[in-house]
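Structure record follows, encoded as structure tokens.
Residue numbers (the working numbering), protein chains in the order written: chain A, 96 to 499; chain B, 96 to 499.
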């Protein structure tokens, strides 16, 4: 089979050609969406048509990948899903949103069966890597091809044998480390840039391999995976997970993802107080860009965690003080910076071959809605400056006497 | 002149009768809104028609007052404005929103002229009291007649002579004290219930009397007013206001309103750290009802106040700790309460003649969108229980293991 997208009188058209029997057809894109796509993703045609009209399903053409990108979920098809048109149609489903528990007991007992598998949740950015048209491509959570990750991931880990054996699997993992363009966090075992895999999922269906099977496969290909803390009996799980999360927190690590070992039930996440505060610190460094949306849920998590741990008054006070500091200190520092005419910005380090590669990455960031420029490039190291405009503008205005 | 509202074929109709010349007319309400109201309030007809259609201008008929209520602002006519139809048309304009400065310097200098008048901002609920159809009526901020305030205000202060002399003025003030149905706060000089006036404004135009003239008039009628801290030169104002606000904060008082002595420029407010924390404590007692909307602006105020006061690291840390405690402690207490099957509720005390009066007040609260019931009534004291349903429902759900 061969597929491609072309144009007829400025309308996008979808071509299909069967290499076996030489049958071929050509269809306008709206027709493909209402007639062919429903069969491919098992969603009612009217929902897909509506999403296409609303711009929630968009034609995508970048970095050699042509396809349809799901900006929002449609039926059971997750946001971030990509229908890729290459030699054949390949469907990379979006990574499912993982819900959170605020009370390990009783939610684990209600949600899971006899046992749970516990893995580390890492603080980086979610990436899906798949073989598209026989090339290894990395997609961001939103379904954009990330040129940087597409280049870097194969340098970090050798996926070639894995993909020869398992061309129908998607590697879902976290790009982590202190020098990555999205979410930086220091892990002593990782350093600047690393990758940790948490799921192997089937193209098309998004079905995930059972936890232990996944661990075995990854280990057999020497592919790096997130820490697997074992399978726990459901009645001992809350206590053991608390011990784990408290320890992870002390090491400034994020938390855990709790999974059905068979991966038939959706996973749940639970995070450390340190992670909540770390995110608040970041959010309140740029309060008018992130503060409002970040704040509330982190505070709620802290409240329930303190309650479930049955903390003493002193422990609660200590938690409250850290919460307050995570909010107020970064904000005051940013006010001071802006008063000294420094815009609220953060510098992202990426390692690239040349200036052009850095510029391509900046264009990609702009596609994602991020304002950024190449600040410098020297000896393979590019500094990308990301400006947080709302924070800069609003704080400057208040400092000049603007009213709230 | 006589005016009234009646019905013709189920359509509301407006009647007008001039007692002088006996001229009268009758007009359907939509016609009145597009033809007569624009002249009365000096707003373009299409804006008023649109607001009437959207339900932002609504026909109001309660507690003996018929009129048009502005649920949202239209042109320069503030939200909460009421066009009252009695023996004549009387327009009680909404109380203007007072904007806030985050930086006393330079905003006062930019906003005002040579001098500013400083008055105390009190923590209670904003009420406008006017003579409508020769009766003294109290309106809430939103333009609802408040039956409780309408009854209580004349018991607290004698406005009869004032309104004989000044029927065209509106008394704008704050109902304050530890036993009031909306916002309770203890003031040692007030106790259970008191009233403090901050503005005298003209019906129709909403023009406010100059500060000193207002003070003189109120004092001459022995009407209680908010504390007036004097007129300050603009260049010394920020420092003096900081001293004032820090002292007010220590006394657990809210802050100040800074005014143009002539009342030709809109006033500005500035509040104490204690007020911010007090409001956060209340909001996070009912986090899912108030937390989200209350939080952000209070935190921003704290950040700028710390910055403008050039606080030391220890002072900032202390401020951060208080901030964290104001958020986390009340929330954890509410989680504990709900875990013990007590819904998130607060009890309001009002003093009424009989149970029926309490029930009327509860109906009024429901008109305002507040869920409340009469919990008890004994010897003139009614306890109204207000349930915060979102907080109760969501926290119960999480405690039962519901996912976030």
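Using N, Cα and C, we set each Cβ at its ideal position, and we do this for glycine too.
None of these values were measured; they are calculated from a predicted model.
| Query | Result |
| --- | --- |
| Using a C-beta cutoff of 8 Å, does residue 344 of chain A count as contacting chain B? | no |
| Alpha carbon to alpha carbon, how far is residue 243 of chain A from residue 453 of chain A? Give it in angstroms, no decimals. | 9 Å |
| For chain A, find out if any of its Cβ atoms is closer than 8 Å to the Cβ of residue 515 of chain B; answer yes or no. | This structure does not reach residue 515 of chain B, given that chain B is present from 96 up to 499, and the question cannot be answered. |
| Rounded to the nearest angstrom, how far is the Cβ of residue 422 of chain B from that of residue 494 of chain B, given a contact under 8 Å? | Wrong, their Cβ atoms sit about 19 Å apart, outside the cutoff. |
| Using the three-state DSSP reduction, which class does residue 442 of chain B fall into: helix, strand or coil? | strand |
| Can you pull the chain A residues whose beta carbon is under 8 Å from the beta carbon of residue 401 of chain B, in chain order? | 423 and 427 |
| Within 8 Å, do at least three Cβ pairs link the stretch 437 to 453 of chain B to the stretch 470 to 488 of chain B? | yes |
| In terms of alpha-carbon separation, which member of B:117, B:431, B:226 and B:245 lies closest to residue 264 of chain B? | B:226 |
| Taking the alpha carbon of residue 231 of chain B as the reference point, which residue from B:157, B:137, B:255 and B:336 has its own alpha carbon closest? | B:255 |
| State yes or no: is the beta carbon of residue 352 of chain B nearer than 8 Å to at least one beta carbon in chain A? | no |
| How about residue 219 of chain A and residue 261 of chain A: do their beta carbons lie closer than 8 Å? | no |
| Per DSSP, which residues does residue 268 of chain A bridge with? Please list them. | A:222 and A:292 |
| Tell me whether the beta-carbon of residue 501 of chain B lies closer than 8 Å to the beta-carbon of residue 429 of chain B. | Here chain B has residues from 96 to 499 only, and residue 501 of chain B is not among them. |
| Look at the alpha carbon of residue 335 of chain B and the alpha carbon of residue 325 of chain B, and state the distance between them as a whole number of angstroms. | 11 Å |
| Quick check on residue 425 of chain A: buried or exposed, where buried means 16 or more other Cβ atoms within 10 Å of its Cβ? | buried |
| Relative to the C-alpha of residue 176 of chain B, which residue among B:182, B:167 and B:184 is closest? | B:167 |
| Where residue 155 of chain B and residue 162 of chain B are concerned, what is the direct C-alpha to C-alpha distance, given to the nearest angstrom? | 5 Å |
| Go to residue 161 of chain A, then tell me how far its beta strand (DSSP E) extends in each direction, as first and last residue. | 160 to 165 |
| To be precise: take each residue of the stretch 377 to 401 of chain B, compare its Cβ to all Cβ atoms of chain A, and keep it if any distance is under 9 Å. Which residues remain? | 379, 382, 383, 386, 387, 390, 391, 392, 394, 395, 396, 397, 398, 399 and 401 |
| Give me the Cα-Cα distance between residue 375 of chain B and residue 420 of chain B, rounded to the nearest whole angstrom. | 9 Å |
| Tell me, please, whether the CB atom of residue 202 of chain B is closer than 8 Å to any CB atom in chain A? | yes |
| Determine the closest residue to residue 164 of chain B out of B:385, B:293, B:245 and B:235, with distance taken between C-alpha atoms. | B:235 |
| Let me confirm a value: residue 214 of chain B is counted as buried when at least 16 other C-beta atoms fall within 10 Å, else exposed. Which label applies? | buried |
| What would DSSP say about residue 279 of chain A, mapped onto helix, strand or coil? | coil |
| Who are the near neighbours of residue 328 of chain B in its chain, counting only those whose CB is closer than 8 Å to its CB and skipping five residues on each side? | 209 and 210 |
| Out of A:482, A:332, A:411 and A:450, state which residue places its alpha-carbon closest to the alpha-carbon of residue 200 of chain A. | A:332 |
| Roughly how many whole angstroms lie between the Cα atoms of residue 100 of chain B and residue 189 of chain B? | 22 Å |
| Check whether the stretch 372 to 386 of chain B and the stretch 303 to 313 of chain B touch, using three or more Cβ-Cβ pairs below 8 Å as the test. | no |
| Taking DSSP's pairing of strands, which residues face residue 210 of chain A in a bridge? | A:328 |
| Can you tell me whether residue 407 of chain A is helix, strand or coil according to DSSP? | coil |
| With DSSP run on the structure shown, which of helix, strand or coil describes residue 172 of chain A? | strand |
| At which residues does the beta strand (DSSP E) containing residue 465 of chain A begin and terminate? | That residue, residue 465 of chain A, is in no beta strand (DSSP E); it is neither H nor E in DSSP. |
| For residue 123 of chain B, which beta-bridge partners are listed by DSSP? | B:108 |
| For residue 327 of chain B, which residues in chain A fall below 7 Å Cβ to Cβ? | None at all; the shortest Cβ gap to chain A is about 17 Å. |
| Just grab the DSSP bridge partners of residue 420 of chain A for me. | Residue 420 of chain A pairs with nothing; no bridge assigned. |
| For residue 156 of chain B, does the three-state DSSP call read helix, strand or coil? | strand |
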